[in-house]
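Chemist: So the sequence shown is numbered by the working numbering: it starts at 54 and just counts up by one.
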Amino acid sequence: MTPKTSAASISIMSNCSLIIMKFIAGILSGSVSIISEAIHSLMDLLAALIAFFAVRISDNPADEEHPYGHGKFENVSGVIEAMLIFIAAVWIIYKAILKLFNGEPLDNTGIGIIVMSVSAISNFFVSRHLYRVAKKTESIALEADALHLKTDVYTSAGVAVGLILIYLTGIRIIDPIAAILVAMLILKESYDLLNRAYKPLLDTAISSRELKIVEKCIRESNYAFHDLKSRQSGKQRFIEFHLEMPGDVPLKEVHQKCDEIEELIKSRISDISINIHVETKDA
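#1: What separation, rounded to the nearest whole angstrom, lies between the Cα atoms of GLU127 and PHE177?
#2: Out of ASP301, MET298, PHE294, which has the shortest C-alpha to C-alpha gap to GLU315?
#3: Which residue or residues does DSSP assign as beta-bridge partners of ILE329?
#4: Since I believe ILE227 is in contact with ILE219 (beta carbons under 8 Å), could you give me their beta-carbon distance rounded to a whole number of angstroms?
#5: Where does PHE154 land, buried or exposed, given buried means 16+ other C-beta within 10 angstroms?
#6: Determine the DSSP secondary structure at SER286, reduced to helix, strand or coil.
#7: If we count the other Cβ atoms within 10 Å of its Cβ and call it buried at 16 or more, is ARG285 buried or exposed?
#8: In whole angstroms, what separates the C-alpha of THR257 from that of PHE291?
#9: If you count every other CB in all the chains shown that lies within 10 Å of the CB of ASN248, and 16 or more means buried, which is it?
#10: With GLU273 as the anchor, note down where its alpha helix (DSSP H) starts and where it stops.
#11: Distance, Cα to Cα, ILE166 vs LEU71?
#12: Tell me whether the beta-carbon of LEU238 lies closer than 8 Å to the beta-carbon of THR190.
#13: Quick one: using the 10 Å Cβ neighbour count with 16 as the cut-off for buried, is LEU304 buried or exposed?
#14: Output the residue ranges of the alpha helix (DSSP H) runs that lie fully inside the region 84 to 155 and measure 4 residues or longer, sorted by chain position.
#15: Which runs of the alpha helix (DSSP H) spanning at least 4 residues fall entirely within the region 188 to 237, listed in chain order?
#16: How would you label MET96, buried or exposed, when you count the other beta carbons within 10 angstroms and need 16 or more for buried?
#17: According to the neighbour-count rule (16 or more other Cβ atoms, all chains shown, within 10 Å of its Cβ), is MET136 buried or exposed?
#18: Using C-beta distances below 7 Å, list every residue in its chain close to LEU183, excluding the 5 sequence neighbours before and after it, in chain order.
Set out below in structure tokens:
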């Protein structure tokens, strides 16, 4: 099992445990904010499952049907995860508004406080681990999963604080208000994730920082260039450009110079495929 699939497996097991705990606490207490958090964790579980299969597929090498690799499977999974989060947030807001006007009673707030606190602490450590693996492997699917859990840390902690305030003040309207605030955070998470996951599907260029590195490496060859293009698929980057060289340069030397440029770029940017088109330019 690779580091990416191992991290995704940890997320799946953690979410399964938290979902059971939250639903039990929500039913016993009657808290819509805890139920909303249980649904949030259910979406996190679906996201973790999608991420698990996405990273397994994306790790497959290029083949005849997918000559540029399988990296975009992770971006597709990120888009699906974002849509799931959006649907969950809308449902939470709907249920919270109903409770805001109906004013259902709360019981057993103590168990809710304990479960929400355990959830926040657990997801804090799991999300940190996922972020480390995501950054190391440049996995958008794992980064999306880590973002879900990071949001869950804040929302679970917020619900716990809300329940404590209800316990101390007896003001029950705090519960649906807390649920709506949770949902608003989830909506923002959904937008950020969709924006990040969707762009590579449109062949958006690699980062400006990396493009500057590429341009610097090409200029070190002392030859002019133009029509530099780039895109990214998962963690794999693709660039192509036209290199201008005198027409009297021997073919062997042209090939050697192209190899030198490729090796220099690859030494500074990982997971990059380079295609150089040489054009003659007489002095």
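Quick reminder that beta carbons are idealized off the backbone N, C-alpha and C, glycines included. Note that this is a predicted model, so its numbers are computed, not measured.
Modeler: By the coordinates alone:
#1: 23 Å
#2: PHE294
#3: PHE294
#4: 5 Å
#5: exposed
#6: strand
#7: Here the sequence assigns Gln to residue 285, which means Arg is not the residue at that position. Flag for GLN285 reads buried.
#8: 11 Å
#9: exposed
#10: Per DSSP, GLU273 belongs to no alpha helix (DSSP H) and is neither H nor E.
#11: 14 Å
#12: no
#13: exposed
#14: 85 to 111, 125 to 155
#15: 193 to 222
#16: buried
#17: exposed
#18: ALA60, SER64, LEU195, ASP198, ALA199, LEU202
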